[in-house]
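Trainee: Numbering (my numbering), first residue to last: 35 to 630.
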Amino acid sequence: MCGILAVHSLEKPSNDRAHFISLSKRLRHRGPDWSGCYVGKSTILVHERLAIVGVDTGAQPLISEDSKIILAVNGEIYNHIALRATVSPDVKFKTHSDCEVIIPLYKQHGTELCGLLDGMFSFVLLDESVSPSRIIAARDPIGITTLYQGWSSKRPGSVYFASELKALVDECDRIISFPPGHVYDSKHDSTVRFYQPTWWDGDAQGPDSTIPTTSANLTSIREALEAAVRKRLMSEVPYGVLLSGGLDSSLIAAIAARETEKVAQAQYEVRKRKLQEYSSGPSTPTAGQVAEQATLAAWPQLHSFSIGLENSPDLLAARKAAYFLGTVHHEYVFTVQEGLDAIPEVIYHLETYDVTTVRASTPMYLLSRKIKAMGVKMVLSGEGSDEIFGGYLYFHAAPDENSFHQECVRRVKNLHTSDCLRANKSTMAWGLEARVPFLDKTFLEVAMDIAPKEKKFNKGAQQEVDEDGRPKMEKYLLRKAFDLSPDGKPYLPQSILWRQKEQFSDGVGYSWIDGLKNHAAEIVSDEAFAKRAEKWTADVPDTKEAYFIRDIFDGLFPTEAAAKTAVRWIPRGDWGCASDPSGRSVSIHNAAYETD
Numbered sequence: 035m036c037g038i039l040a041v042h043s044l045e046k047p048s049n050d051r052a053h054f055i056s057l058s059k060r061l062r063h064r065g066p067d068w069s070g071c072y073v074g075k076s077t078i079l080v081h082e083r084l085a086i087v088g089v090d091t092g093a094q095p096l097i098s099e100d101s102k103i104i105l106a107v108n109g110e111i112y113n114h115i116a117l118r119a120t121v122s123p124d125v126k127f128k129t130h131s132d133c134e135v136i137i138p139l140y141k142q143h144g145t146e147l148c149g150l151l152d153g154m155f156s157f158v159l160l161d162e163s164v165s166p167s168r169i170i171a172a173r174d175p176i177g178i179t180t181l182y183q184g185w186s187s188k189r190p191g192s193v194y195f196a197s198e199l200k201a202l203v204d205e206c207d208r209i210i211s212f213p214p215g216h217v218y219d220s221k222h223d224s225t226v227r228f229y230q231p232t233w234w235d236g237d238a239q240g241p242d243s244t245i246p247t248t249s250a251n252l253t254s255i256r257e258a259l260e261a262a263v264r265k266r267l268m269s270e271v272p273y274g275v276l277l278s279g280g281l282d283s284s285l286i287a288a289i290a291a292r293e294t295e296k297v298a299q300a301q302y303e304v305r306k307r308k309l310q311e312y313s314s315g316p317s318t319p320t321a322g323q324v325a326e327q328a329t330l331a332a333w334p335q336l337h338s339f340s341i342g343l344e345n346s347p348d349l350l351a352a353r354k355a356a357y358f359l360g361t362v363h364h365e366y367v368f369t370v371q372e373g374l375d376a377i378p379e380v381i382y383h384l385e386t387y388d389v390t391t392v393r394a395s396t397p398m399y400l401l402s403r404k405i406k407a408m409g410v411k412m413v414l415s416g417e418g419s420d421e422i423f424g425g426y427l428y429f430h431a432a433p434d435e436n437s438f439h440q441e442c443v444r445r446v447k448n449l450h451t452s453d454c455l456r457a458n459k460s461t462m463a464w465g466l467e468a469r470v471p472f473l474d475k476t477f478l479e480v481a482m483d484i485a486p487k488e489k490k491f492n493k494g495a496q497q498e499v500d501e502d503g504r505p506k507m508e509k510y511l512l513r514k515a516f517d518l519s520p521d522g523k524p525y526l527p528q529s530i531l532w533r534q535k536e537q538f539s540d541g542v543g544y545s546w547i548d549g550l551k552n553h554a555a556e557i558v559s560d561e562a563f564a565k566r567a568e569k570w571t572a573d574v575p576d577t578k579e580a581y582f583i584r585d586i587f588d589g590l591f592p593t594e595a596a597a598k599t600a601v602r603w604i605p606r607g608d609w610g611c612a613s614d615p616s617g618r619s620v621s622i623h624n625a626a627y628e629t630d
């Protein structure tokens, strides 16, 4: 991933070059490898690059052969090789970048190109072959990458785009989080949704609601997730996996570990091709010249990374999973004080005051710094599974199957405000890219089309077991899909595969959340907390912890426009759930352990 900043419909963009480069510098943590700037007739594009694919040749903004189309992209296009094969043979690619294919696709398909892309991306494309110049901007279907759009009363008629809020907050007095799965077109000054999955309207109320009735196919679930992991190993730099020891990250690690031997072979082929290029020069990659495995990179063994307080649940479980999978495991222990010290930096990078996101992002932020220090630029992560399968413990309180499914759809559609935001910004704070296989488009089509009665679960005395004696617990279908032993070796040990769900902020050590709450109680006085409705008129904090976090956010981003971009993650109070988003506040968390 990278950082992008674009401003369109400027009167004299050359006069503003230095100003917008200075704003883009606020994004340089996202792209420390190189910076690029293009000044057009009425547009400026600035790019901060993190080189993952096309390392030697993929500097941005990318410019078409006729110099009429200019492109700045944040993200990865996993099907770029297949897409290159669909464009005219007359197209001459200038780089090995996975993103360059967007330019000829735009010439062929216009804004409809977005639906052809398989990946995580935010991009701004400038077309100077027409008058007035035209830009299109788009964000991937679920919002794995971050993108903001802004407008300034000081520059009426201009429109801004940036990967993070901090590049716009001093410039724009109206800012939105650009909607995932949408594309903006300056030609019509319109934003429309290009992502049209079959499950999208599943959260609608009344007759418009579409509740799936398809029975789960465990083989389809397993094969779709394996394919999702495989395509996300596209890289020319060392990568690893985030391993909490929970089900989701452990499954991703298990699949990635099984690909290691293939990757080692691909590395050999890449080295052989480079030796040929030394004598004949690099060739333009095509589908026939570059195989999928040749886009991968890794150490001889998969490396895994975990973090937690001393003897935390996640550290212990991750250690066990890593040993079973044979990964080279790196374990980092942090203290509550180290977490508290990092909170202001975490909020600066997250650009939200959501309590859950700050809690979970702090250890991830600390771990990302350690990982980047080892020379790793990309990691696989397990976000999205809980939303897809209804894995959060509060889902047990869903009053009926339809409500269960509607909540799953709503959570997936809002991932860009919570877990995707956390995974993107807490890692990219250190120039580390996180890829999330569970949010693969194909996997989503498979998993979101399953009848909710097969996902719904109970705990304690009401919990059922299947014919093999496996508990029908949260994410039962996902667990069951991988409860087998291809080639004689299980994907995971039973104690990991059937481990109860922990929120990440809980799993790193229960003392972390308790320590944050206690610190906030000391910092925020009773008098100040009592007057919180005078300090804030909207989204008023309901705990001292929320007050503490919101106060830091306001100090960093002191505008109403900035505050309006934040969204709070809160479980369903109308289902009788506690307002505290910690998994421990759900009564069945402790009940499950007591039953065990």
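Positions of the beta carbon are idealized from the N, C-alpha and C atoms, including for glycine.
Alpha helix (DSSP H) containing Phe54: first to last residue?
Mentor: Unbroken alpha helix (DSSP H) run through Phe54: Arg51 to Ser58.
Trainee: Measure the CB-CB distance between Gly425 and Glu344 and report whether it falls below 8 Å.
Mentor: No. Outside cutoff.
Trainee: Just verifying my parser: in three-state terms, what is the DSSP assignment at Val362?
Mentor: DSSP places Val362 in strand when its eight states are reduced to three.
Trainee: Provide the residue span of the beta strand (DSSP E) that contains Arg640, from first to last.
Mentor: As shown, the chain starts at 35 and ends at 630. That puts residue 640 outside it, with no answer to give.
Trainee: According to DSSP, is Pro378 helix, strand or coil?
Mentor: Of the three classes helix, strand and coil, the one that applies to Pro378 here is helix, per DSSP.
Trainee: Decide yes or no for the touch test of the region 407 to 426 against the region 465 to 483: beta carbon pairs closer than 8 Å, at least 3 of them.
Mentor: Yes: at least three Cβ pairs fall under 8 Å.
Trainee: Taking the continuous alpha helix (DSSP H) assigned at Gln528, which residues delimit it?
Mentor: Gln528 -> alpha helix (DSSP H) spans Gln528 to Leu531.
Trainee: Classify Met412 as helix, strand or coil using the three-state DSSP reduction.
Mentor: If DSSP states are grouped into helix, strand and coil, Met412 belongs with the strands.
Trainee: Please list the terminal residues of the continuous beta strand (DSSP E) segment that includes Tyr218.
Mentor: Tyr218 -> beta strand (DSSP E) spans His216 to Asp219.
Trainee: Does the separation of the CB atoms of Trp609 and Ala431 fall below 8 Å?
Mentor: Contact flag set, yes.
Trainee: So does the region 110 to 120 actually touch the region 146 to 154, counting three or more Cβ pairs closer than 8 Å?
Mentor: In short, these stretches touch, since the Cβ pair count reaches three.
Trainee: Within this structure, are the beta carbons of Leu259 and Ala290 separated by less than 8 Å?
Mentor: Taking 8 Å as the Cβ cut-off, Leu259 and Ala290 do not qualify as a contacting pair.
Trainee: Please look up how many angstroms separate the CB atoms of Arg168 and Ser220, rounded, as I've assumed it's under 8 Å.
Mentor: Contact flag correct, Cβ pair sits at about 5 Å.
Trainee: Do Ser197 and Leu79 have their CB atoms nearer than 8 Å?
Mentor: Going by C-beta atoms, Ser197 is not nearer than 8 Å to Leu79.
Trainee: Excluding the five sequence neighbours on either side, which residues of its own chain have a C-beta within less than 8 Å of the C-beta of Val203, listed in chain order?
Mentor: Same-chain partners within the cutoff: Ile209, Phe591, Thr593, Ala595 and Ala596.
Trainee: Mind checking who Cys71 pairs with in its DSSP beta bridge?
Mentor: Cys71 pairs with Val80.
Trainee: Have a look at Trp233 and Ala485 and give me their C-alpha separation to the nearest angstrom.
Mentor: Spanning the two alpha carbons is a distance of roughly 11 Å.
Trainee: Any idea what DSSP makes of Asp161, helix, strand or coil?
Mentor: Correct three-state label for Asp161: strand.
Trainee: May I have the straight-line CA-CA distance separating Asp517 from Leu478, to the nearest angstrom?
Mentor: If I take the Cα positions, the gap works out to 20 Å.
Trainee: Alpha carbon to alpha carbon, how far is Cys36 from Asn458? Give it in angstroms, no decimals.
Mentor: Their Cα atoms are separated by approximately 11 Å.
Trainee: Compute the distance between the beta-carbons of Tyr366 and Ala463, then report whether it is under 8 Å.
Mentor: Cβ atoms of Tyr366 and Ala463: not closer than 8 Å.
Trainee: Taking contact to mean 3 or more Cβ pairs, one atom from each stretch, closer than 8 Å, check whether the region 553 to 563 and the region 574 to 590 are in contact.
Mentor: Taking 8 Å as the limit for Cβ pairs, the verdict is that the region 574 to 590 does touch the region 553 to 563.
Trainee: For His42, which residues does DSSP report across the bridge?
Mentor: His42 is bridged to Thr77 and Val193.
Trainee: What distance in whole Å lies between the Cβ atoms of Ile255 and Leu449, which are believed to be in contact at a cut-off of 8 Å?
Mentor: Between Ile255 and Leu449 the Cβ distance is about 19 Å, and since that is not below 8 Å, they are no contact.
Trainee: Under three-state DSSP, which class holds Met462?
Mentor: If DSSP states are grouped into helix, strand and coil, Met462 belongs with the helices.
Trainee: Compare the beta carbon distance of Val271 and Lys406 with 8 Å and say whether it is the shorter of the two.
Mentor: Going by C-beta atoms, Val271 is not nearer than 8 Å to Lys406.
Trainee: Drop a sphere of 10 angstroms on the beta-carbon of His364, count the other beta-carbons inside from all chains shown, and report buried for 16 or more, exposed for fewer.
Mentor: Looking at its Cβ environment, which holds 16 or more other Cβ atoms inside 10 Å, His364 is buried.
Trainee: Which class does Met398 belong to by DSSP, given the choice of helix, strand or coil?
Mentor: Of the three classes helix, strand and coil, the one that applies to Met398 here is helix, per DSSP.
Trainee: Under 6 Å Cβ to Cβ from Ala30, same chain only, skipping five residues before and after it: list those, please.
Mentor: This structure cannot speak to residue 30, because the chain is shown only from 35 to 630.
Trainee: Which residue or residues does DSSP assign as beta-bridge partners of Gly274?
Mentor: Answer is His337 and Val413.
Trainee: Suppose you measure from the CA of Trp185 to the CA of Val41; what does that come to, to the nearest Å?
Mentor: Roughly 10 Å between the two C-alpha positions.
Trainee: Flag this pair as touching only if the region 370 to 388 and the region 236 to 252 have three or more C-beta atom pairs under 8 Å; answer yes or no.
Mentor: No: fewer than three Cβ pairs fall under 8 Å.
Trainee: Closest by CA to Glu162, which one among Thr361, Lys296 and Leu105?
Mentor: It is Leu105.
Trainee: Can you confirm whether the region 344 to 356 touches the region 278 to 290 when touching is taken to mean that 3 or more C-beta pairs between the two stretches lie within less than 8 Å?
Mentor: Yes, they touch.
Trainee: Judging by CA-CA distance, which residue of Glu385, Tyr382 and Lys475 is the nearest neighbour of Ile422?
Mentor: Comparing Cα-Cα distances from Ile422 to each of Glu385, Tyr382 and Lys475, the minimum goes to Lys475.
Trainee: What did DSSP end up calling Ile136 once you bin it into helix, strand or coil?
Mentor: Three-state result, Ile136: helix.
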